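To keep things clear, I will list the structure first and then write my remarks on it.
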Amino acid sequence: MGAKDAGETLTLVCPHCGKSFPSAVQMDRAAFAAIRIKNMRERCSACLCASRFDKGDYFFALDEGQT
Ligand SMILES: [Zn+2]
Numbered sequence: 036m037g038a039k040d041a042g043e044t045l046t047l048v049c050p051h052c053g054k055s056f057p058s059a060v061q062m063d064r065a066a067f068a069a070i071r072i073k074n075m076r077e078r079c080s081a082c083l084c085a086s087r088f089d090k091g092d093y094f095f096a097l098d099e100g101q102t
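Quick note: the sequence shown uses my numbering, first residue 36, plus one each step.
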């Protein structure tokens with residue numbers, strides 16, 4: 036309770052391999068709510084395939100216990 040948003044990673048799910056990967060665009064929730072994202076080209080860190088994403092494809096994932 037009352038914890039900061041640190042440790043949240045803006046994340047995408049790759050349509051090619053189905054794995055989630057961290058977006059190249061990292062920001063906090065307030066900034067994310069304010070910007071527009073459409074046809075953002077990002078490359079999956081798992082299979083290295085580039086895909087286009089819209090804002091609805093992004094979500095915040097908690098990276099618990101990761102450094
Ligand atoms: Zn992939």
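Backbone N, C-alpha and C fix where the C-beta goes; we use that ideal spot for every residue, glycine too.
Computed from a predicted model, the values in this text were never measured in an experiment.
Secondary structure at R78: strand, using DSSP grouped into helix, strand and coil. The Cβ atoms of C79 and K54 sit closer than 8 Å to each other.
According to DSSP, S55 shares a beta bridge with V48. Separation of the CB atoms of E77 and L47 is rounded to 6 Å, and the pair is thereby assigned contact status at 8 Å. Taking the Cβ of K90 as the reference point, every heavy atom of ligand 1 lies at 7 Å or farther away.
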